[in-house]
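For the sequence shown, our numbering assigns the number 6 to the initial residue and increments by one for each residue that follows.
C-beta atoms are modelled at their ideal positions from N, C-alpha and C, and glycine is treated no differently.
Because the structure is a prediction, the values reported are computed rather than measured.
Here is the structure we will look at.
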Amino acid sequence: MNLTNKEALILEQLAVSAGSELYGLQMVKASNDELKMGTIYVTLGRLEKKGFVQSRREQDPAQTIPRRLYKITGAGRKTFEAWSAAMAVYHAGLAGELA
Numbered sequence: 006m007n008l009t010n011k012e013a014l015i016l017e018q019l020a021v022s023a024g025s026e027l028y029g030l031q032m033v034k035a036s037n038d039e040l041k042m043g044t045i046y047v048t049l050g051r052l053e054k055k056g057f058v059q060s061r062r063e064q065d066p067a068q069t070i071p072r073r074l075y076k077i078t079g080a081g082r083k084t085f086e087a088w089s090a091a092m093a094v095y096h097a098g099l100a101g102e103l104a
């Protein structure tokens with residue numbers, strides 16, 4: 006369940022996309038400058054190696070360079086949900102809401 010903030014942000018975007026596939030550039034644009042073009046694909050590759058996302062090449066013959074589409078896996082969704090729950094408890098503890 007060890008995720009970096011960038012990994013968690015990517016998983017969150019893919020989780021809220023309701024099973025839709027996203028391009029890396031779409032995630033960068035939707036992140037409000039939290040993700041950068043220079044790191045998005047490295048991070049996506051790392052998430053794919055962990056089994057949290059899967060990708061496929063776009064099959065559009067009109068594209069001169071095929072793009073890669075990404076979607077979250079079941080393991081990625083469960084990991085993100087567990088990470089989110091742990092972060093909520095952590096932040097509640099920092100705010101003094103836990104006794």
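query: Residue nearest to G41 in terms of C-alpha spacing, selected from G56, A20, R61, L14; result: The question names Gly, but residue 41 is Lys in the sequence shown. It is L14.
query: Identified DSSP bridge partners for Q59; result: K76
query: Where the alpha helix (DSSP H) containing A23 begins and where it ends; result: That residue, A23, is in no alpha helix (DSSP H); it is neither H nor E in DSSP.
query: Closest residue to G81 among A93, Y28, L49, D65 (Cα-Cα distance); result: L49
query: Inter-residue spacing [alpha-carbon to alpha-carbon] between Q31 and N10; result: 18 Å
query: Closest by C-alpha distance to V47, when choosing among A97, E12, L99, E86; result: E12
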